[in-house]
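Mapping of the sequence shown onto the numbering used here: position 73 corresponds to residue 953, and the numbering continues sequentially without gaps.
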Amino acid sequence: MDPRLQQAAQSGSIDKLYDLIDENPYLLENIDAVPFVTTPLHVAASSGNIPFAMEMLNLKPSFARKLNTSGYSPLHLAVDKDKAKFVSRMLLLDKGLVRVKGRNGITPFLLLVSRGKADLVAECLLNSPECIQDETVDRRNALHLAVVHDRFEVLQVLTGWIQRMSQRDADSIEKRVLNKVDIDYNTPLHLAAYNNDHQAYFLFLFNSYFKLYI
């Protein structure tokens, strides 16, 4: 990437962006032609520059789903850098961005679960409920990851949401989420038991009991 473009993305200078486009109209096209590349949107996401990111999405929507050479989308980087406002704004602009699969199959939603960002996890579920079905390459879903990373508050958010959804489609939620086995044939409940995580274990048992009476 042109260092001047990188600096413009870091500082959030939209005027500088257009100066560079005026100098080279194919500036963004050349970046987009590369399969795995750091785009100006990656840089803006890392810096939390919302106005610049919105302008970049206006010009090049494809950048939002482009992975860099490390296997991460712009939203992955925003989560990694703890740019909560940026994540929320991007979710409003395109709710599907939280489901973009990156390295090891991790989506921004699953990364939020792993990092313990309960409020943003709840926001993702409200805007893109299908993300509860997403899983990593080793077939671990959000519940697996919440247990593995000891994120009990996030687990409460996830199971609370599942309870509400179970009132509509109990069997489907049970098969696709609660009883989902990973590559080692472990359900989230199994992992909680193996880790001696009593809070998580009894939370899952409560959910199983709850389902019997809905």
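Every residue, glycine too, gets a C-beta built ideally from N, C-alpha and C. These figures come from a predicted structure and were not determined experimentally.
| Item | Value |
| --- | --- |
| Under 8 Å, with one C-beta from each stretch per pair, do the region 940-958 and the region 913-923 reach the 3-pair mark? | yes |
| For ASN910, which residues of its own chain have a beta-carbon under 7 Å away from its beta-carbon, when the five flanking residues on both sides are left out? | none |
| What does a CB cutoff of less than 8 Å around ALA1002 pick up in its chain, not counting 5 residues either side in sequence? | VAL1037 and TRP1041 |
| Say whether chain C places a C-beta atom closer than 8 Å to the C-beta of MET936. | Among the chains in the structure shown there is no chain C, since it carries only a single protein chain. |
| My output table needs one value for ARG983: the three-state DSSP class, helix, strand or coil. | helix |
| Count the other C-beta atoms from every protein chain shown that fall within 10 angstroms of the C-beta of ARG1020, then say buried if there are 16 or more, exposed otherwise. | buried |
| Check whether the Cβ atoms of ALA889 and ASN938 lie closer than 8 Å to each other. | no |
| Please check the pair ALA998 and VAL1034, which I expect to be a contact at CB under 8 Å, by giving their CB distance rounded to whole angstroms. | 5 Å |
| In the region 1051-1082, which residue ranges form an unbroken alpha helix (DSSP H) of at least 4 residues, counting only runs that do not cross its ends? | 1068-1074 |
| Taking LYS1060 as the reference, which of LEU1023, SER968, HIS1078 and THR1039 has the closest Cα? | LEU1023 |
| Figure out for me which residue from ALA913, LEU991, LYS965 and LEU1058 has the closest Cα to the Cα of ALA933. | LYS965 |
| Using a Cβ-Cβ cutoff of less than 7 Å, which residues in the same chain neighbour ARG1056 once the five nearest sequence positions on both sides are dropped? | GLN1013 |
| Is the CB-CB distance between ASN1066 and THR1016 below 8 Å? | no |
| Alpha carbon to alpha carbon, how far is PHE1032 from LEU977? | 25 Å |
| Thinking C-alpha only, which one of LEU972, SER927 and SER942 is nearest VAL959? | SER927 |
| Less than 8 Å between C-beta atoms, sequence neighbours within five positions excluded: which residues of the same chain meet that for PHE989? | VAL978, ARG979, VAL1001, CYS1004, SER1008, CYS1011, ASP1014 and ALA1022 |
| Would you mind sorting HIS956 into buried or exposed? The rule is 16 or more other CB atoms within 10 Å of its CB. | buried |
| Expressed to the nearest angstrom, what Euclidean distance is found between the alpha-carbon atoms of HIS922 and LEU1025? | 25 Å |
| Can the beta-carbon of ASP882 be found less than 8 Å from the beta-carbon of LEU900? | yes |
| Tell me the DSSP secondary structure of ASP999 in three-state form. | helix |
| Would you call the CB atoms of SER942 and ASP912 closer than 8 Å? | yes |
| Classify TYR841 as helix, strand or coil using the three-state DSSP reduction. | The structure shown has nothing for residue 841, since the chain only spans 881 to 1094. |
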